[in-house]
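Residue numbers (the numbering used here), protein chains in the order written: chain A, 19 to 307; chain B, 27 to 424.
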């Protein structure tokens, strides 16, 4: 049981961090960013290049991932999403744009970083073994801790900084925020950059554990959407709750149901369908959006 | 002024006619083109499989063209590789094979997976295409099927040899299997279980599977490791997943042997699992220093120069194009007639340029399929050690 809980918490922390960026972008711009997984993968490759290829410290890799993705996010918002949102009120326009960006980033990643799985040297050696009841490598503990620290920092930033408050106001009511003097274009760009930065950061963190390859983007986006749907689209606390719920369900399912074959995700998807038919807005979302 | 214009026109006409003449001469002197197709996966999680295929073909084709082309009968051809990414989707694989048929291509390498290889069979047979899949279902190669040629060694050929070796030399008695929840790995797992039981090994875990997009294998492997196997078999494991599975197993305290029947890449293992991958057993090709010929070494150099980094999976995938070209050389009538190609397969033999010693290219498979529908490649079983593969043993298949 201790092992299941520890696995669930570790998975939940990384999942929550992935979902945060996605839900932030949705909250601010009503954009379903299908390229979120690809941004995560790009973040992993940037850390891989800086840390494993250039031999710089891991922290430098993380910083490079965060900055690179923030810049890419800002450019994508400014040059792609902003004009499309201005010219088209149809939601599918931004959805198609996001899907196109996902394919584009996949192609760029293949060209620049190749088709191979990449990994980096362990950032910390050793394994915590508590009488074989709980086995957890130290690097997972560290990454789990850093993920939780990032989540807390993000919440504090959104709660207490001027930028965070402006973005929350924008998420709650775009028109009212504009009337109160919030620069919508500016904070939309900052929000998109922040969301992309979170994807890059978690990609950089997890490359030390899972490695990275170009095929990880799509499945990561799907999981992130699941977490957001569980917690409630556009709700920060909902994304965090969704991440931990999915992590715990996955851990319990893989341990308890292993003798029945790979039915964990079958049950998770079936449960999600039932849950959404009862509560389509998710745990913390509002039915009116 | 008028005279100057006339002179200009004459000069322009002379230049144009000279250009056309030179172009015509160049066209006359150039070789014909021999198009060889590739239909397989070059994007997504399994991109490494198809990409190593395509790049091996492109490297070899460029090399052949650079040295004057390929002489088949009384004609010399430049080899052109026509590629199609099926994205590991059988529907797209069919579309890819149809494209090859439309381009008049008779020889195709791929697809890379079972369902894609099965899906393209009707298209290949109707359009006179011989294809070289990297997929294991026996019905693709056994009569009445006749157009598919297995491009590598199947798990039901390598698995028993590996288990037997480990049983006799490493004292393995208990085996556990883990596979991705996809058709190829699951069928390879089932074949492995049958082979292990036939050898008298005890199978202590055979039903644990994982989603192909899994990134954290600790929860997946926890119950497998608790079954205390001597050998953990990663059935049909993708190169992207192998390091993570090995790492998770070792971090969970597993001390036994780990093996797979698929080809792997040493760099990927080193980066993803480091010294934890030491002792990992996999199947390779003509790769290790003990058996690689100078031609193989030059191929690796050329591949590296062309694409920046070599992929060890190409040690097996270097062979398909070589077999096609050499068989066509042996029977030039086969260039647009696959029935002639099939006839030649029964007696074909040529020197194997990629291996040291007296190794030959030949078609095998009579024992497994009842007809020669498999390329002969050495079954090199490797052990990973400190970033490199070392040959554990070499066997042959028929």
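Built from N, CA and C at the ideal position, the CB exists for glycine as well. Treat the numbers as computed from the prediction; the structure is a model and nothing was measured.
Handout entry: N-terminal and C-terminal residue of the beta strand (DSSP E) that residue 408 of chain B is part of
Key = As a working note, residue 408 of chain B is residue 382 in the second chain. Its beta strand (DSSP E) spans residues 405–411.
Exercise for the section: Would you list, in sequence order, the uninterrupted beta strand (DSSP E) runs of no fewer than 3 residues that lie entirely inside the segment 88–125 of chain B? Expected result: 96–98, 101–111
Exercise for the section: Select from B:76, B:163, B:417 the residue whose C-alpha is nearest the C-alpha of residue 318 of chain B. Expected result: Taking the second chain and counting its residues from 1, the one referred to as residue 318 of chain B is at position 292. Out of B:76, B:163, B:417, B:417 has the C-alpha closest to the C-alpha of residue 318 of chain B.
Problem - Nonlocal neighbours in the same chain, by C-beta distance under 7 Å from residue 116 of chain B, ignoring five residues either side - result: For the purposes of this step, residue 116 of chain B is taken as residue 90 along the second chain, with counting starting at 1. Cβ neighbours of residue 116 of chain B beyond the five flanking positions: 141, 142, 145.
Problem - Where the beta strand (DSSP E) containing residue 20 of chain A begins and where it ends - result: Here the question's residue 20 of chain A lines up with position 2 in the first chain. No beta strand (DSSP E) holds residue 20 of chain A; the alpha helix (DSSP H) holding it covers 20–47.
Practice task
Give a yes or no on whether 8 Å exceeds the smallest Cβ distance from residue 217 of chain B to chain A.
Solution key: As a first step, residue 217 of chain B is located in the second chain; it is residue number 191 there, counting from the start. Output row for residue 217 of chain B: interface = no.
Handout entry: Identity of the residues DSSP links to residue 345 of chain B by a beta bridge
Key = Within the second chain, residue 345 of chain B is the residue found at index 319, counting from 1. DSSP lists no partner for residue 345 of chain B.
Problem - Run of the beta strand (DSSP E) containing residue 243 of chain B, from where it starts to where it stops - result: Numbered from its first residue, the second chain carries residue 243 of chain B at position 217. Careful: residue 243 of chain B lies outside any beta strand (DSSP E) and carries neither H nor E.
Handout entry: Other residues of its chain near residue 137 of chain A: CB distance less than 6 Å, five sequence neighbours each side excluded
Key = As a position in the first chain, residue 137 of chain A is number 119, starting the count at 1. Cβ within range, chain order: 229.
Problem - Segments assigned beta strand (DSSP E), at least 3 residues, entirely inside the segment 131–173 of chain B - result: 133–135, 156–158
Practice task
Just grab the DSSP bridge partners of residue 154 of chain A for me.
Solution key: Here the question's residue 154 of chain A lines up with position 136 in the first chain. Its beta-bridge partners are A:146.
Handout entry: Buried versus exposed, by CB contacts within 10 Å (16 or more), residue 126 of chain A
Key = Here residue 126 of chain A corresponds to residue number 108 of the first chain, with the count starting at 1. Residue environment for residue 126 of chain A: exposed (fewer than 16 other C-beta atoms within 10 angstroms of its C-beta).
Exercise for the section: Going by CA-CA distance only, name the one from A:185, A:195, A:118, A:81 that's closest to residue 206 of chain A. Expected result: Here residue 206 of chain A refers to the residue found at position 188 when the first chain is read from its first residue. Of the listed residues, the one whose Cα sits closest to residue 206 of chain A is A:185.
Exercise for the section: Flag this pair as touching only if the segment 294–310 of chain B and the segment 137–154 of chain A have three or more C-beta atom pairs under 8 Å; answer yes or no. Expected result: yes
Exercise for the section: Using the Cα positions of residue 49 of chain B and residue 58 of chain B, report the straight-line distance between them to the nearest angstrom. Expected result: As a working note, residue 49 of chain B is residue 23 in the second chain. As a working note, residue 58 of chain B is residue 32 in the second chain. Legend: pLDDT at residue 49 of chain B = 47, less than 50; position of this residue unreliable, no value from coordinates given.
Problem - Distance, residue 146 of chain A Cα to residue 284 of chain A Cα - result: Your numbering for residue 284 of chain A matches position 266 in the first chain. Your numbering for residue 146 of chain A matches position 128 in the first chain. Distance between the alpha carbons of residue 284 of chain A and residue 146 of chain A: 32 Å.
Practice task
Note down the Cα distance separating residue 223 of chain B from residue 229 of chain B, rounded to an integer number of angstroms.
Solution key: What you label residue 223 of chain B is simply residue 197 of the second chain in a count that begins at 1. What you label residue 229 of chain B is simply residue 203 of the second chain in a count that begins at 1. The C-alpha of residue 229 of chain B is placed about 7 Å away from the C-alpha of residue 223 of chain B.
Practice task
Mark residue 20 of chain A as exposed unless 16 or more other C-beta atoms lie within 10 angstroms of its C-beta, in which case mark it buried.
Solution key: For this step, residue 20 of chain A is matched to residue 2 along the first chain. Exposed, since its Cβ has fewer than 16 Cβ neighbours within 10 Å.
Handout entry: Span separating the alpha-carbon of residue 245 of chain A from that of residue 260 of chain A
Key = Position 227 of the first chain, counted from the first residue, corresponds to residue 245 of chain A. Position 242 of the first chain, counted from the first residue, corresponds to residue 260 of chain A. Their Cα atoms are separated by approximately 4 Å.
Practice task
Rank A:119, A:158, A:115 by C-alpha distance to the C-alpha of residue 103 of chain A and give the top, closest one.
Solution key: Translated into positions along the first chain, residue 103 of chain A becomes position 85. Residue A:115 holds the alpha-carbon nearest to the alpha-carbon of residue 103 of chain A among A:119, A:158, A:115.
Handout entry: Contact set between residue 185 of chain B and chain A, taken where Cβ atoms lie within less than 9 Å
Key = For this step, residue 185 of chain B is matched to residue 159 along the second chain. Neighbours of residue 185 of chain B in chain A, taken as residues at a C-beta separation under 9 Å, are lacking, since the least C-beta distance is about 21 Å.
Problem - the segment 388–396 of chain B contacting the segment 326–344 of chain B, beta-carbon criterion three pairs below 8 Å - result: no
Practice task
Check each candidate in B:133, B:166, B:131 and name the one with the smallest Cα separation from residue 148 of chain B.
Solution key: The sequence position of residue 148 of chain B within the second chain is 122, counting from 1. Measuring from the Cα of residue 148 of chain B, the nearest candidate turns out to be B:166.
Practice task
Tell me whether the beta-carbon of residue 406 of chain B lies closer than 8 Å to the beta-carbon of residue 345 of chain B.
Solution key: The residue given as residue 406 of chain B occupies position 380 in the second chain. The residue given as residue 345 of chain B occupies position 319 in the second chain. No. Outside cutoff.
Practice task
With a threshold of 16 other CB atoms inside 10 Å of the CB of residue 51 of chain B, please say whether the residue is buried or exposed.
Solution key: Here residue 51 of chain B is taken as the residue at index 25 of the second chain, counted from 1. With a pLDDT of 45 at residue 51 of chain B, under the threshold of 50, the modelled position of that residue is not reliable, and the figure given next carries that caveat. Exposed.
Exercise for the section: Might you give, ordered along the chain, the residues of its own chain that have their beta carbon closer than 7 Å to the beta carbon of residue 209 of chain B, omitting 5 neighbours on each side? Expected result: By 1-based counting over the second chain, the position of residue 209 of chain B is 183. The residues are 140, 141.
Exercise for the section: Report all residues from its chain with a CB closer than 8 Å to the CB of residue 56 of chain B; omit the five preceding and five following residues, and keep chain order. Expected result: Locating residue 56 of chain B in the second chain gives position 30, counting from the first residue. Once the five neighbours on either side are set aside, the close Cβ partners of residue 56 of chain B are 104.
Handout entry: One or two residues paired with residue 236 of chain B in a DSSP bridge
Key = Position 210 of the second chain, counted from the start, is the residue given in the question as residue 236 of chain B. Answer is B:206, bridged to residue 236 of chain B.
Practice task
Would you kindly check if the distance between the Cβ of residue 160 of chain B and the Cβ of residue 173 of chain B is under 8 Å?
Solution key: Taking the first residue of the second chain as 1, we reach residue 173 of chain B at position 147. Taking the first residue of the second chain as 1, we reach residue 160 of chain B at position 134. Contact: no.
Practice task
Measure the CB-CB distance between residue 246 of chain B and residue 265 of chain B and report whether it falls below 8 Å.
Solution key: Looking up residue 246 of chain B in the second chain gives position 220. Looking up residue 265 of chain B in the second chain gives position 239. In this structure, residue 265 of chain B does not lie closer than 8 Å to residue 246 of chain B by Cβ.
Practice task
Drop a sphere of 10 angstroms on the beta-carbon of residue 75 of chain A, count the other beta-carbons inside from all chains shown, and report buried for 16 or more, exposed for fewer.
Solution key: Here the question's residue 75 of chain A lines up with position 57 in the first chain. Exposed: under 16 other Cβ atoms inside 10 Å.
Handout entry: Where residue 268 of chain A sits in the DSSP three-state scheme
Key = As a position in the first chain, residue 268 of chain A is number 250, starting the count at 1. If DSSP states are grouped into helix, strand and coil, residue 268 of chain A belongs with the helices.
Practice task
Please go through the same chain and pick out, in chain order, the residues whose beta-carbon is closer than 7 Å to the beta-carbon of residue 101 of chain B, but skip the five residues on each side of it.
Solution key: Against the second chain, residue 101 of chain B aligns to sequence position 75. 58.
Handout entry: Test: residue 242 of chain A CB closer than 8 Å to a CB of chain B
Key = Numbered from its first residue, the first chain carries residue 242 of chain A at position 224. For residue 242 of chain A, the answer is no, since every Cβ of chain B falls outside 8 Å of its Cβ.
Handout entry: Per-residue DSSP class, three states only, for residue 197 of chain A
Key = Here residue 197 of chain A refers to the residue found at position 179 when the first chain is read from its first residue. Helix.
Exercise for the section: Determine whether the Cβ of residue 228 of chain B lies closer than 8 Å to any Cβ atom of chain A. Expected result: The count along the second chain starts at 1 and reaches residue 228 of chain B at position 202. Residue 228 of chain B has a beta carbon lying at 8 Å or more from every beta carbon in chain A.
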